Structures are given as C-alpha cells and as structure tokens.
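Accompanying notes for the structure given below.
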Amino acid sequence: MNRRERREQEATAEAHAQAEAATAATETDDTSIDADESLESEEEPD
1 MNRRERREQE ATAEAHAQAE AATAATETDD TSIDADESLE SEEEPD
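Number 20 in the working numbering belongs to position 20 of the sequence shown; there are no gaps in the numbering.
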C-alpha cells in the first residue's frame with residue numbers, strides 16, 4: 001500500500017469516527033421526555 005492509499009484510509013476512518021461521535025452527541029434519552037409528558041398530564045387545572 002502506498003502513502004496515498006494509506007492517507008485515504010486514515011482520512012476515511014477519521015471521518016467515520018467523527019460521524020459516530022456526532023451521532024452519539026445528538027442522541028437523546030426518550031424516557032425523560034415521556035416522564036415529563038406524563039407529569040404534565042397529571043397536573044390539575046387551576
């Protein structure tokens with residue numbers, strides 16, 4: 001494998017790692033949203 005191919009593979013691996021990190025950073029925990037919604041529905045009107 002020559003230098004160019006190796007650099008391309010390294011760049012591809014880095015791009016994949018960054019994409020995975022970005023995906024992980026934007027994932028949310030839906031259970032907390034559901035808990036908040038259920039609390040709101042149980043509130044009594046004034």
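All residues carry an ideal CB built from backbone N, CA and C; glycine is no exception.
No experiment lies behind these values; they were computed from the predicted model shown.
query: Can you look up Glu27 in the DSSP assignment and give me helix, strand or coil?; result: coil
query: Suppose you measure from the CA of Glu5 to the CA of Ala25; what does that come to, to the nearest Å?; result: 30 Å
query: Alpha carbon to alpha carbon, how far is Glu8 from Ala21?; result: 20 Å
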